[in-house]
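There are 2 protein chains.
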Amino acid sequence: MDLDFYKLTMGQLIFLMYAHIPVTFSFINRSIDVQLPKHINVDELREQLEHARTLRINPDELGWLVSSTSISGKRILQDPYLKFLSTLRLPEFNLEVDDDRRLHLQFYGPWSTVVYWETIALSIINEMWCQSQMKDMSRFERDLILTEGKMRLGKKIALLNQPQCEGLTFSDFGTRRRFSGDWQSYVVDAMANELTQAKFRGTSNVRLAMDHHLRPIGTSAHELPMIMSGIMHKNDDSIRASNQQVLTDWWNLYGHELSIFLPDTYGTKFFFDNLTHEQVVNWRGFRHDSGDAIEFGEKVISFYQSHDVDPREKIVVFSDGLDIEKIIKFYGHFKGRIDTDNGWGTTLTNDMGLRTLSLVVKATEACGHGLVKLSDNLAKATGNPTDVERFKKIFGHTVTTRTECKV
Amino acid sequence: MDLDFYKLTMGQLIFLMYAHIPVTFSFINRSIDVQLPKHINVDELREQLEHARTLRINPDELGWLVSSTSISGKRILQDPYLKFLSTLRLPEFNLEVDDDRRLHLQFYGPWSTVVYWETIALSIINEMWCQSQMKDMSRFERDLILTEGKMRLGKKIALLNQPQCEGLTFSDFGTRRRFSGDWQSYVVDAMANELTQAKFRGTSNVRLAMDHHLRPIGTSAHELPMIMSGIMHKNDDSIRASNQQVLTDWWNLYGHELSIFLPDTYGTKFFFDNLTHEQVVNWRGFRHDSGDAIEFGEKVISFYQSHDVDPREKIVVFSDGLDIEKIIKFYGHFKGRIDTDNGWGTTLTNDMGLRTLSLVVKATEACGHGLVKLSDNLAKATGNPTDVERFKKIFGHTVTTRTECKV
Numbered sequence: 277m278d279l280d281f282y283k284l285t286m287g288q289l290i291f292l293m294y295a296h297i298p299v300t301f302s303f304i305n306r307s308i309d310v311q312l313p314k315h316i317n318v319d320e321l322r323e324q325l326e327h328a329r330t331l332r333i334n335p336d337e338l339g340w341l342v343s344s345t346s347i348s349g350k351r352i353l354q355d356p357y358l359k360f361l362s363t364l365r366l367p368e369f370n371l372e373v374d375d376d377r378r379l380h381l382q383f384y385g386p387w388s389t390v391v392y393w394e395t396i397a398l399s400i401i402n403e404m405w406c407q408s409q410m411k412d413m414s415r416f417e418r419d420l421i422l423t424e425g426k427m428r429l430g431k432k433i434a435l436l437n438q439p440q441c442e443g444l445t446f447s448d449f450g451t452r453r454r455f456s457g458d459w460q461s462y463v464v465d466a467m468a469n470e471l472t473q474a475k476f477r478g479t480s481n482v483r484l485a486m487d488h489h490l491r492p493i494g495t496s497a498h499e500l501p502m503i504m505s506g507i508m509h510k511n512d513d514s515i516r517a518s519n520q521q522v523l524t525d526w527w528n529l530y531g532h533e534l535s536i537f538l539p540d541t542y543g544t545k546f547f548f549d550n551l552t553h554e555q556v557v558n559w560r561g562f563r564h565d566s567g568d569a570i571e572f573g574e575k576v577i578s579f580y581q582s583h584d585v586d587p588r589e590k591i592v593v594f595s596d597g598l599d600i601e602k603i604i605k606f607y608g609h610f611k612g613r614i615d616t617d618n619g620w621g622t623t624l625t626n627d628m629g630l631r632t633l634s635l636v637v638k639a640t641e642a643c644g645h646g647l648v649k650l651s652d653n654l655a656k657a658t659g660n661p662t663d664v665e666r667f668k669k670i671f672g673h674t675v676t677t678r679t680e681c682k683v
Numbered sequence: 277m278d279l280d281f282y283k284l285t286m287g288q289l290i291f292l293m294y295a296h297i298p299v300t301f302s303f304i305n306r307s308i309d310v311q312l313p314k315h316i317n318v319d320e321l322r323e324q325l326e327h328a329r330t331l332r333i334n335p336d337e338l339g340w341l342v343s344s345t346s347i348s349g350k351r352i353l354q355d356p357y358l359k360f361l362s363t364l365r366l367p368e369f370n371l372e373v374d375d376d377r378r379l380h381l382q383f384y385g386p387w388s389t390v391v392y393w394e395t396i397a398l399s400i401i402n403e404m405w406c407q408s409q410m411k412d413m414s415r416f417e418r419d420l421i422l423t424e425g426k427m428r429l430g431k432k433i434a435l436l437n438q439p440q441c442e443g444l445t446f447s448d449f450g451t452r453r454r455f456s457g458d459w460q461s462y463v464v465d466a467m468a469n470e471l472t473q474a475k476f477r478g479t480s481n482v483r484l485a486m487d488h489h490l491r492p493i494g495t496s497a498h499e500l501p502m503i504m505s506g507i508m509h510k511n512d513d514s515i516r517a518s519n520q521q522v523l524t525d526w527w528n529l530y531g532h533e534l535s536i537f538l539p540d541t542y543g544t545k546f547f548f549d550n551l552t553h554e555q556v557v558n559w560r561g562f563r564h565d566s567g568d569a570i571e572f573g574e575k576v577i578s579f580y581q582s583h584d585v586d587p588r589e590k591i592v593v594f595s596d597g598l599d600i601e602k603i604i605k606f607y608g609h610f611k612g613r614i615d616t617d618n619g620w621g622t623t624l625t626n627d628m629g630l631r632t633l634s635l636v637v638k639a640t641e642a643c644g645h646g647l648v649k650l651s652d653n654l655a656k657a658t659g660n661p662t663d664v665e666r667f668k669k670i671f672g673h674t675v676t677t678r679t680e681c682k683v
């Protein structure tokens with residue numbers, strides 16, 4: 277359960293409808309100047325990943341999932357899925373180091389089991405990277421790293437308790453990027469105790485939500501439309517239609533409560549143009565994950581207005597490389613015009629004065645087809661060049677912005 | 277054993293020569309704007325003091341004292357004294373709060389048992405004062421206090437590791453002023469691990485020296501000449517002579533190794549004038565505990581030169597309200613001209629961003645006579661006004677400087 281909640285909501289959809297789709301997820305280090313095998317022990321990484329495969333969800337956790345994931349009296353996670361979860365074992369992986377000292381790590385198998393690897397693998401690798409930066413430090417110097425983290429955390433809390441942040445809300449989305457599991461727990465505990473429940477809404481980490489009596493928080497990820505393109509790979513039209521298929525499946529399963537669009541998989545332009553008026557009216561809002569956040573929010577407001585929808589009844593969830601300054605700035609900018617929320621990652625759970633890397637685990641293959649993510653920032657694009665070019669054409673993607681991912 | 281080492285070296289002299297002298301030690305809060313009973317629970321203080329009376333030195337500690345307090349192969353603490361220590365119980369105390377909400381705390385009984393109360397009582401009261409300042413804080417806010425302490429400690433260590441501090445030495449003298457016992461242990465551990473043994477010489481805290489495999493460090497205190505004035509209270513001449521009696525006793529018992537003069541009990545002027553040339557030649561140096569430190573050091577250098585003694589073979593130990601800036605400044609100022617060392621207290625073990633108080637436990641009565649300390653700073657003077665005036669005359673004390681004691 278030491279993973280992100282969206283893995284469970286997506287996991288249930290996958291379990292119910294696409295359980296046996298063969299997929300491959302790949303680890304990608306976007307910080308290309310860092311050759312990870314020079315810093316972390318690959319044998320130890322293998323051991324940790326193998327250890328993760330021995331773990332199972334336990335009955336206490338299952339019981340908590342039943343009781344804690346009800347919204348408006350309706351259970352999000354149903355018994356058949358929880359029964360499946362209770363026997364789940366993480367599937368195989370392939371770990372290699374190439375001649376250029378790059379880490380190659382793939383997870384493969386049926387989508388219904390591979391889906392859970394993403395945040396677990398990223399937590400492990402990020403923690404090992406942080407440890408590697410401290411390996412020559414004395415015990416006191418290591419403690420000073422935590423001290424620096426606590427000072428920075430204290431400053432964030434002080435800023436968030438300012439009057440200008442009245443009404444601001446955020447959640448911890450930092451599981452995958454954390455300095456350590458203990459540190460994430462410390463941060464979540466401090467936020468939960470020092471801020472109101474209205475301001476700190478909860479954490480994406482299921483186990484921490486359970487331990488700290490918080491709401492597990494999450495939306496959905498690019499893997500849904502990406503893999504759907506593999507499932508519906510017959511021709512350009514079916515690939516284009518796969519995006520709508522995800523929205524239909526998601527809405528049918530979860531309805532209003534979890535209806536946050538993630539529009540940037542193939543660029544937001546296509547996504548906005550492709551939505552039905554009914555979807556615009558029904559869904560709660562949008563998650564921002566690439567491109568300029570203020571521009572995006574303004575575009576969402578105009579978009580709602582063009583559909584005669586009052587943006588003040590809708591929401592934008594920011595989740596792209598947030599920091600305290602951006603969170604406060606975005607809140608001030610959009611206050612009273614559209615609801616906002618924040619999924620705060622790296623600079624919440626790994627702000628210790630150490631270098632952080634931009635590491636992701638992305639779906640790269642489904643049903644034998646290469647998968648593509650374009651996003652509104654080409655630095656976040658994934659897929660092989662031929663597929664990328666094809667998908668750009670299919671989705672009318674014309675974005676040329678490339679902003680380095682720092683986190 | 278959670279007390280200052282000088283209590284044991286003084287304790288042995290007292291045990292051997294003045295065991296049954298009836299004395300009273302009194303707690304004095306020099307931070308007169310703070311009415312302690314408003315902040316600390318006096319019943320809890322009583323309980324803690326009573327708890328200290330239940331404690332005994334244990335066989336492990338005794339064994340360590342035998343093995344660790346040998347210098348040049350000669351044991352400092354001898355068997356008869358250690359046998360006495362093994363059965364020692366702290367004597368009674370009298371604790372009251374007056375109408376003005378001031379704390380009155382006296383320790384009384386034979387000098388050989390009362391002597392140990394000083395640093396134990398001060399540690400307890402200082403820790404309670406620090407706790408009182410945090411009583412309305414959340415768990416996270418309390419942790420931020422420790423965080424602030426660690427940041428400040430890290431900065432001190434970084435400064436002490438600069439090239440300009442090559443050759444500088446100091447010891448922890450902060451038991452009585454500490455934020456907490458755990459914190460003092462943390463500080464001592466960090467200093468011991470982050471600095472060379474030559475730079476961080478050890479700690480005055482006997483138990484911490486044992487736990488951290490360090491040298492217990494200490495000189496002697498004003499109580500020796502002060503109480504000696506009570507013992508030799510016959511007339512002005514005998515009182516004047518009591519100062520020399522202490523030097524004779526101390527030298528006879530400990531010789532060269534512990535021969536650091538503490539010259540300011542009745543003002544350094546009298547002390548310097550009263551020393552024999554032989555003492556000046558034989559004793560290792562002086563401890564500074566009041567008045568301007570640079571002036572004092574210069575005076576010591578001139579004094580040695582006037583006795584045809586090379587000051588570079590002598591030492592000044594600074595111990596009066598030190599901080600990292602003073603320590604570095606004094607070291608730079610006297611480098612190459614006279615050896616220096618530092619007994620670092622409050623700002624080493626209680627530098628957390630909380631207010632610290634100037635609290636002392638001083639000998640106030642011996643053999644029924646009121647005792648006096650004059651020092652080179654009238655803010656540090658103790659004794660009733662009539663006695664103070666008499667002692668000023670006896671010792672030719674003309675200092676009029678009064679500098680507030682911050683620590």
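Taken in order, these protein sequences are the chains called U and Z. The opening residue of the first sequence carries number 277 in our numbering; numbering runs sequentially from there. The opening residue of the second sequence carries number 277 in our numbering; numbering runs sequentially from there. Backbone N, C-alpha and C fix where the C-beta goes; we use that ideal spot for every residue, glycine too.
Which parts of the segment 541 to 621 of chain U are runs of the beta strand (DSSP E), unbroken and 3 residues or longer, counting only runs that do not cross its ends? 561 to 564, 591 to 594 and 615 to 620
Following a CB-centred definition, is Val-342 (chain U) positioned closer than 6 Å to any heavy atom of the ligand GTP? Summarising the ligand content, the structure contains no ligands, and the ligand GTP is consequently not present.
Mapping DSSP to helix, strand and coil, what is Asn-528 (chain Z)? helix
Give the residues of chain U in contact with Leu-420 (chain Z), contact being defined as C-beta atoms less than 7 Å apart. Lys-426 and Gly-430
Strictly under 7 Å for the Cβ-Cβ distance: is Thr-423 (chain Z) near chain U by that measure? yes
Against chain Z, which members of the segment 445 to 467 of chain U pass a CB distance test of less than 7 Å? Ala-466
With a threshold of 16 other CB atoms inside 10 Å of the CB of Lys-575 (chain U), please say whether the residue is buried or exposed. buried
Using a Cβ-Cβ cut-off of less than 7 Å, list which residues of the segment 491 to 525 of chain Z approach chain U; keep chain order. none
Going along chain U in order, which residues have a C-beta closer than 7 Å to the C-beta of Ser-414 (chain Z)? Asn-469 and Glu-470
CA-CA distance, Gly-287 (chain U) and Phe-667 (chain U)? 26 Å
Count the other CB atoms, across all protein chains shown, that sit within 10 Å of the CB of Asp-355 (chain Z); report buried if there are 16 or more and exposed otherwise. exposed
Could you tell me whether the Cβ atoms of Pro-298 (chain Z) and Leu-379 (chain Z) are closer together than 7 Å? no
Following the continuous beta strand (DSSP E) through Lys-314 (chain U), name the residue where it begins and the one where it ends. Counted as a single uninterrupted DSSP element, the stretch harbouring Lys-314 (chain U) is not any beta strand (DSSP E), since DSSP gives it neither H nor E.
Can you give the Cα-Cα distance for Arg-453 (chain U) and Tyr-282 (chain U), rounded to whole angstroms? 16 Å
Exposed or buried, His-553 (chain U), counting other C-beta atoms within 10 Å across all chains shown (16 or more means buried)? Burial is judged here by how many other beta carbons sit within 10 angstroms of a residue's own beta carbon; His-553 (chain U) has fewer than 16 and is exposed.
Touch test, the segment 611 to 622 of chain U against the segment 364 to 378 of chain U, Cβ-Cβ under 8 Å, three pairs minimum: no
Presumed contact (8 Å Cβ cut-off) between Gly-646 (chain U) and Gly-629 (chain U), rounded CB distance: Incorrect: roughly 39 Å between the Cβ atoms, too far for contact.
Ignore the nearest five residues each way along the sequence and tell me which others in Leu-529 (chain U)'s own chain have a CB closer than 6 Å to its CB. Leu-289
Which class does Arg-335 (chain Z) belong to by DSSP, given the choice of helix, strand or coil? Note on residue identity: the sequence assigns Pro, not Arg, to residue 335 (chain Z). Correct three-state label for Pro-335 (chain Z): helix.
Kindly provide the ranges of any alpha helix (DSSP H) runs that are 4 or more residues long and lie completely inside the segment 417 to 496 of chain Z, ordered along the chain. Runs of the alpha helix (DSSP H) lying entirely within the segment 417 to 496 of chain Z and spanning at least 4 residues, in chain order: 457 to 470 and 482 to 487.
Other residues of its chain near Pro-418 (chain U): CB distance less than 6 Å, five sequence neighbours each side excluded: Residue identity differs from the one stated: residue 418 (chain U) is Arg in this sequence, not Pro. Met-410, listed in sequence order.
Determine, using beta carbons only, whether Ser-514 (chain U) and Ser-651 (chain U) come nearer to each other than 7 Å. no
Quickly, what does DSSP pair Gly-646 (chain U) with across the bridge? List them, please. U:Glu-641
So within the segment 333 to 397 of chain U, which uninterrupted alpha helix (DSSP H) runs reach at least 4 residues, ignoring any that extend past its ends? 335 to 344, 355 to 363 and 387 to 390
By DSSP, does Asp-309 (chain Z) sit in helix, in strand, or in coil? coil
Bridge partners of Val-299 (chain U), per DSSP? U:Gly-385 and U:Ala-642
Quick check: the Cα distance between Thr-389 (chain Z) and Ile-536 (chain Z), rounded to an integer number of angstroms? 24 Å
Local conformation of Val-636 (chain Z) per DSSP, three classes: Residue state, collapsed to three classes: strand.
Would the segment 440 to 447 of chain Z count as touching the segment 598 to 614 of chain Z if we require 3 or more Cβ pairs under 8 Å? yes
From Trp-387 (chain Z) to Leu-635 (chain Z), what distance separates their C-alpha atoms? 21 Å
Quick one, are the C-beta atoms of Ile-421 (chain U) and Ala-639 (chain U) less than 7 Å apart? no
Given a cut-off of 7 Å, decide if Thr-451 (chain U) and Asn-481 (chain U) are closer than it, judged by their beta-carbon atoms. yes
Helix, strand or coil, according to DSSP, for Phe-537 (chain U) in the structure here? Note: Phe-537 (chain U) maps to strand in three-state DSSP.
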